[in-house]
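Heads up: the structure comes next, in structure tokens.
There are 2 protein chains.
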Amino acid sequence: MNEEPDRRAIIAWTRLLRSHQLSLERVEKALKAADLPPLRWYDVLLELHRAGRDGLRQFEIGNAVLLSKHNVSRLLDRLEREALVVRQACDEDGRGARVFITEAGHHLLARMWPVYGAAIRASFERYFSVQELDQLATLLARLPDVGDG
Amino acid sequence: MNEEPDRRAIIAWTRLLRSHQLSLERVEKALKAADLPPLRWYDVLLELHRAGRDGLRQFEIGNAVLLSKHNVSRLLDRLEREALVVRQACDEDGRGARVFITEAGHHLLARMWPVYGAAIRASFERYFSVQELDQLATLLARLPDVGDG
DNA sequence: AACGACAGGTTGCAATTGCAACTATATCGG
DNA sequence: CCGATATAGTTGCAATTGCAACCTGTCGTT
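So the sequence lines, in the order shown, correspond to chains A and B.
Per the working numbering, the first sequence starts with residue 43, numbered consecutively.
Per the working numbering, the second sequence starts with residue 43, numbered consecutively.
Structural data, given as structure tokens:
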């Protein structure tokens, strides 16, 4: 194969991996330091919050937060155990469930956001100008499915 | 806190998370489809390859591939079990070990690269021009420690 | 030397993730 | 209507990751 990537592609790729891992690690640490659950919990709760009264099907959650169905299923087990969400049998599809966020879920979301937001600022935003943030967002959106979130 | 992130920062942040997760997933799948071990194995073997005859201390590996010491320790257990690396007691520091890549390790590295490289091209490089790759690399390097890899 | 603080590694344990197999329901072609 | 196929979700199992406790050896101070 002359299918070897360009040197520039390798550098950009490496930095994508590193930047993600480093920033995410910092954010997760901030959450843990504040005795809050991991980021994924926030992601799911946020989607359910946005969905409002209609709730979401589990596969919709999976699509939104890029989690395979098994993992959605088990993450919801944990969230349900903490009374942050409720699963309800689904009218229109006998196989499926519909998931709703509870009051406690909303409350946790509200408690997490200040910490999460501050962590984003501290470990990400502060290193860029607004132009650079736009540039970065535009560049990354070139990858398939990235802009859909 | 009025420390809430700018909307643009949130978008860029979200896309960083999504682009990483999507691309990495695709690459890992390509490796698995070729019956090859996960990316981390490649990372570690590559560092050891670069280090040459002197090998590396475990903590150096950890720094290079962003893995905590426990995880380095156990990843090396697996690699050693497959005879891809060797651990050797360390002369200059009685606590530590020095790690070397074996012939089998070099061989696996050589088998993985074509698949890995093709996957980088297919799920990443092809969506950018060379200018964009440079831009992306430059932007990401603004984050602390990202440029060091 | 002797002390305590610290650094390099290992191990036990819990949480998370990925994969494959499974159940139950929908849907589509005939 | 019926069977083949696909979809929604769950569960069991193995690999990986993160955290905390631990052991050993180093180093700086006294």
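We treat Cβ as the ideally placed atom computed from N, Cα and C, and that holds for glycine.
Tell me which residue opens and which closes the beta strand (DSSP E) that residue i is part of.
i, result
"Arg-153 (chain A)", "Taken as a continuous stretch (DSSP letters only), Arg-153 (chain A) belongs to no beta strand (DSSP E), being part of the alpha helix (DSSP H) at 145 to 165."
"Val-127 (chain B)", "127 to 131"
So with CB distances below 7 Å, who are the chain B contacts of residue i?
i, result
"Pro-47 (chain A)", "Gly-159, Ile-162, Arg-163 and Glu-167"
"Glu-174 (chain A)", "Leu-181"
"Gly-104 (chain A)", "Within chain B, no residue comes near Gly-104 (chain A); the closest Cβ sits about 13 Å away, beyond 7 Å."
Is it buried or exposed, residue i, if we count other Cβ atoms within 10 angstroms and call 16 or more buried?
i, result
"Ala-75 (chain B)", "exposed"
"Gln-100 (chain B)", "buried"
"Gly-191 (chain B)", "buried"
"Ala-51 (chain B)", "buried"
"Val-157 (chain B)", "buried"
"Val-188 (chain B)", "buried"
"Ala-183 (chain B)", "buried"
"Arg-137 (chain A)", "exposed"
"Arg-95 (chain B)", "exposed"
With C-beta atoms as the reference, is residue i less than 8 Å away from residue j?
i, j, result
"Glu-167 (chain B)", "Pro-47 (chain A)", "yes"
"Gly-104 (chain B)", "Val-141 (chain B)", "no"
"Ile-143 (chain A)", "Leu-87 (chain A)", "yes"
"Glu-122 (chain B)", "Arg-116 (chain B)", "no"
"Leu-81 (chain A)", "Glu-70 (chain A)", "yes"
"Leu-178 (chain A)", "Leu-64 (chain B)", "no"
"Ala-152 (chain B)", "Glu-45 (chain A)", "no"
"Ile-162 (chain B)", "Trp-155 (chain A)", "no"
Report yes if the C-beta of residue i is less than 7 Å from at least one heavy atom of the ligand NAD; otherwise report no.
i, result
"Ala-51 (chain B)", "The model depicted lacks the ligand NAD and carries no ligand whatsoever."
Would you grab the beta carbon distance between residue i and residue j for me? Rounded to a whole angstrom, and I think it's under 8 Å.
i, j, result
"Ala-146 (chain A)", "Leu-175 (chain A)", "With a Cβ gap of about 33 Å, Ala-146 (chain A) and Leu-175 (chain A) do not count as contacting."
"Asp-85 (chain B)", "Val-107 (chain B)", "4 Å"
"His-91 (chain B)", "His-148 (chain B)", "7 Å"
"Arg-49 (chain A)", "Ser-165 (chain A)", "About 28 Å; that fails the 8 Å criterion."
Quick one: list the residues of chain A neighbouring residue i, beta-carbon separation under 9 Å, in chain order.
i, result
"Ala-93 (chain B)", "Ordered by position in chain A, no residue passes the 9 Å Cβ test against Ala-93 (chain B), which lies about 17 Å from the chain."
"Asp-77 (chain B)", "Here the premise fails: no neighbours, minimum Cβ distance about 18 Å."
"Gly-97 (chain B)", "Per Cβ cutoff of 9 Å: no residues; Gly-97 (chain B) is ~22 Å from chain A at best."
What does residue i touch in chain A if you count any residue whose Cβ is under 7 Å from its own?
i, result
"Trp-55 (chain B)", "Ile-162 and Phe-166"
"Gly-147 (chain B)", "The contacting residues do not exist; Gly-147 (chain B) stays about 20 Å from chain A at best."
Could you name the residues of chain B that residue i contacts, counting a contact when the two beta carbons are closer than 8 Å?
i, result
"Phe-170 (chain A)", "Ala-51, Ala-54, Leu-181 and Arg-184"
"Val-188 (chain A)", "Arg-57, Arg-60, Ser-61 and Leu-64"
Show which residues of chain B have a CB atom less than 9 Å away from the CB atom of residue i.
i, result
"Gln-63 (chain A)", "His-62 and Leu-108"
"Gly-138 (chain A)", "The contacting residues do not exist; Gly-138 (chain A) stays about 24 Å from chain B at best."
Which stretch, first to last residue, makes up the alpha helix (DSSP H) that contains residue i?
i, result
"Phe-101 (chain A)", "100 to 107"
"Leu-121 (chain A)", "111 to 123"
"Val-61 (chain B)", "The amino acid occupying residue 61 (chain B) in the given sequence is Ser; Val does not appear at that position. First-last of the alpha helix (DSSP H) with Ser-61 (chain B): 49 to 75."
"Ala-93 (chain A)", "81 to 93"
"Leu-78 (chain A)", "Here Leu-78 (chain A) belongs to no alpha helix (DSSP H), and DSSP marks it neither H nor E."
"Val-172 (chain B)", "172 to 182"
Could you tell me which chain A residues have their CB closer than 8 Å to the CB of residue i, listed as they occur along the chain?
i, result
"Gln-177 (chain B)", "Gln-177 and Leu-181"
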